[in-house]
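In my numbering, the protein residues as written are 2 to 212. Below is one structure, written out as structure tokens, with a few remarks after it.
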Amino acid sequence: MRPASLCARRQLDVIAALVGVVFLLPAAHAQTMPLAERLQLCSACHNPDGNSVIQENPKLSALNAGYIVRQLRDFKDGGRKNPSMGEIVPLVDEKEFEALAAFFYQQKRTPGGAVDAKLAAQGKEIYDEGIVGSAVPSCSGCHNEDGSGTEKYPRIAGQNKTYVIHQLLHFKSGERANDSRSAMRAVAGRMNEKEIRAVAEYVVTLKVTEE
2 MRPASLCARR
12 QLDVIAALVG
22 VVFLLPAAHA
32 QTMPLAERLQ
42 LCSACHNPDG
52 NSVIQENPKL
62 SALNAGYIVR
72 QLRDFKDGGR
82 KNPSMGEIVP
92 LVDEKEFEAL
102 AAFFYQQKRT
112 PGGAVDAKLA
122 AQGKEIYDEG
132 IVGSAVPSCS
142 GCHNEDGSGT
152 EKYPRIAGQN
162 KTYVIHQLLH
172 FKSGERANDS
182 RSAMRAVAGR
192 MNEKEIRAVA
202 EYVVTLKVTE
212 E
């Protein structure tokens, strides 16, 4: 069974269990379920500590809390689409977003490592310098040299490579369109797939200085 399929199966099991709980409890109590129970919704795909081992899914560990909240709100109102998140987010009250985000922000991100050193070296050049001929700015300008990110721009250091590739391709195609002022769509739109894969290969190797 492919990892993504396993993730979906785990999610369905968790959703079924928690939906059952919600329908058995009074509405007021269902809205105040303990954080640990809410985190079960996330752990099937992102792991209990936010360090997803499924390459297609993002690591949420150490991700800026404000950024997580914005993404959850975008999934909630349809500004960002994903089949799995489309099933999960409606089960969570928006008032609980901040607590969930704060939990994952406090988790330590596990390091990654490049598989293709040559490709990672090409990615480093793009990350640090951009691509002058294609008017692609450096990634470090927004995500910081160590990939630590900010409240506005996500931490990408050590992020799952396949997830990074998919998101850049989604920005490139316009499938993902919840970036502020279309910034990521403009950047990814000027990159070819090889350049995108190179950047993703390098991003995996980044380690935040404070860690």
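Think of the CB as a built atom: it goes at the ideal place given N, C-alpha and C, for glycine as much as any other residue. On a predicted model such as this, the values are computed, not experimentally measured, just so you know.
1) What number of angstroms, rounded off, separates the C-alpha of V137 from the C-alpha of Y128?
2) Figure out for me which residue from K153, V133, K125 has the closest Cα to the Cα of G146.
3) Rounded to whole angstroms, how far is the Cβ of R186 from the Cβ of A178, which I believe are closer than 8 Å?
4) Tell me V137's beta-bridge partners as DSSP assigns them.
5) Can you give me the C-alpha to C-alpha distance between L101 and L40, rounded to a whole angstrom?
6) Specify the secondary structure class of M185 as computed by DSSP and reduced to three states.
7) Taking 8 Å as the threshold, find out whether the stretch 75–94 comes into contact with the stretch 164–174 through three or more Cβ pairs.
8) Could you check where the alpha helix (DSSP H) with A201 kicks off and where it finishes?
9) Along the chain, where does the alpha helix (DSSP H) that runs through S62 open and close?
10) So, using beta-carbon positions, are F261 and G51 closer together than 8 Å?
In this structure, then:
1) Your numbering for residue 137 matches position 136 in the sequence shown. Your numbering for residue 128 matches position 127 in the sequence shown. Going by the C-alpha atoms only, they are around 10 Å apart.
2) Residue 146 sits at position 145 when you count from the first residue of the sequence shown. Note that residue 146 is Glu in the sequence shown here, rather than Gly. It is K125.
3) If you number the sequence shown from 1, residue 186 lands on position 185. If you number the sequence shown from 1, residue 178 lands on position 177. Rounded, the Cβ-Cβ distance is 7 Å, consistent with contact.
4) Counting from 1 along the sequence shown, the entry for residue 137 is found at position 136. BP columns for V137 point to I132.
5) Sequence index remark: in the sequence shown, residue 101 carries index 100 (1-based). Sequence index remark: in the sequence shown, residue 40 carries index 39 (1-based). So the alpha carbons of these two residues sit roughly 7 Å apart.
6) Counting from one through the sequence shown, the residue named residue 185 turns up at place 184. Secondary structure at M185: helix, using DSSP grouped into helix, strand and coil.
7) As far as the Cβ criterion goes, the stretch 75–94 does not touch the stretch 164–174, which means the pair count is below three.
8) Numbered from 1 along the sequence shown, position 200 holds the residue referred to as residue 201. Note, A201: alpha helix (DSSP H), 194–204.
9) Counting from one through the sequence shown, the residue named residue 62 turns up at place 61. Premise fails: S62 is in no alpha helix (DSSP H) and is neither H nor E.
10) Coverage of the chain is limited to positions 2 through 212, which leaves residue 261 absent and any answer about it impossible.
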